[in-house]
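Input: a single structure, listed below in C-alpha cells.
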Amino acid sequence: MLQSTRPTLLHSYEHHHLAASRWHDFEVRPDDIIISTSYKAGTTWMQTIVGNIIFQEAGPPAPIGDLSPWLDMRVVPEEQMKQALANQTHRRFIKTHLPLDGLVFHENVKYIVVGRDPRDVFMSLLNHYGNHTDEFFEVINGMPGRPGDPFPRMKVNIHEFWQEWLTRGWFDWETDGYPYWSHLHHCKTWWEFRHLPNIEFFHYGDMLKDLPGEMRRVAAYLDIRVAEESWPRLADACTFATVKKNPRAITGDGIDFVFKGGADTFINKGTNGRWRGVLTDEDLELYAEVISKTLPEDCTNWLENGGQI
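As C-alpha cells, this is what we get:
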C-alpha cells in the first residue's frame, strides 16, 4: 500500500563509507537534482546522462565525478565537499547512496532513483569490491573517528560472499547488503513514496534497451529542453562504448587509489545477466526466499524486469 505521508528521517547511516549526517544541514537549491542508488545499479551512468543533458552542446566541463560529488562519502572531508558544491554555479546534480529513510526530504528538489536486478548488482559488486587497492583499505579504515567496525576484505569464495551479502546487514534495521548497505532496503524506502511528483524511477535494464528514450524521459522530468538535433550526439556520449574509450572523463584521476586499474576497472562491463551460470540453483533459491520476505511483489518485479512506474 502506498503511503500518503511525507517521508521522514528514520535512521542514521554512519560507517566506513557513509556519513549520512552531512545531509542534515546541507543547503539545497530549488533546482537541485539528487541521484540515489544503492550501488552498482547505474549511478555513474545516470550522472553521465544528467551531466550531458545539463551542459548539452558545451559538454561537461570537468569529470562527472567532480561535477556530481557523492556527498555522503565519508573519506572526502565534509567541508571540502560542501564548499565545492557551494561554489558550483550550474544546476547541481548530487550523488547519494542513501535510502530515503536516511535523508532529509525536500519537496523542492528532484530525486532520481535508479534500480537494477539484485543478481546483476552482485556481479558488478564482485569487480568493484574485489579490486579495491590496499591503499584504499588503509585510508578508509584509518579515518579518525570512523564509526563501527573496519571495512573488511572480500571473501574469496563468491558463493560464501553471496550468502553473506543476502542474509546479513551492516545496520541493525537491514537484513542484507553486508559489508556495504542493503540494496533491497534502499529500493523499498523509495518505492513506498513512488507516488510523489518529485521522485522518479529509472531502471538499468531500460537504459540498456532504449538509452535515447530513457534520456528523453530524464530531460522531461527535469524540465530541461533539448534541441532535437542534439539528441544523437548526447545519446552517443552516454553509451558504454563511448564512456569506456575515455573513462577518466567520468571518474577523474582520484579513482586510481581506490581501484587496481583505476578508471578502466571502475567502468567495467556494463551488461546484465552475467549471474547466469555463476550463481547456483542453491544460490538462486536463497535469493528467492530472501527477496520474497523483504520486498513487495510489485517492487521485486520492477527490480528484476524494469519498466516505467
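First residue of the sequence shown: 5, per my numbering; consecutive thereafter. Cβ atoms here follow ideal geometry from the backbone N, Cα and C, with glycine treated the same way. Please read these numbers as outputs of a predicted model, since none were measured by experiment.
(request) Output the residue ranges of the alpha helix (DSSP H) runs that lie fully inside the region 194-218 and measure 4 residues or longer, sorted by chain position. (result) 208-213
Going by DSSP in three states, W306 sits in which element: helix, strand or coil? helix
- Message: DSSP three-state label for L6, please.
- Response: With a pLDDT of 46 at L6, under the threshold of 50, the modelled position of this residue cannot be trusted, and the question is left open.
* Asked: Going by the beta-carbon positions, is the gap between R96 and I37 smaller than 8 angstroms?
  -> yes
* **Own chain, CB closer than 7 angstroms to D136, minus 5 neighbours either side, in chain order** => A small fix is needed here, since residue 136 is His in this sequence, not Asp. The residues are V262 and F263.
Starting from Y291 and walking both ways along the alpha helix (DSSP H), at which residues does that stretch end? D285 to T298
Please classify L293: is it buried, with 16 or more other beta-carbons within 10 angstroms of its beta-carbon, or exposed? In the sequence on display, residue 293 carries Glu and not Leu. Flag for E293 reads exposed.
*asked:* Going by DSSP, what residue range makes up the alpha helix (DSSP H) through K248?
replied: F244 to K249
Beta strand (DSSP E) runs wholly inside the region 84-156, at least 3 long, in chain order = 97-100 and 114-119
Work out the CA separation of G146 and C191 for me, nearest whole Å. 30 angstroms
Inter-residue Cα distance where the pair is P64 and I53: 10 angstroms
Run of the alpha helix (DSSP H) containing I68, from where it starts to where it stops: I68 to L71
Scan the region 17-72 and note each continuous beta strand (DSSP E) run of 3 residues or more that stays entirely inside, going in chain order. 37-40
| request: Label S296 either buried or exposed according to how many other C-beta atoms from any shown protein chain fall within 10 Å of its C-beta, with 16 as the threshold for buried. | output: exposed
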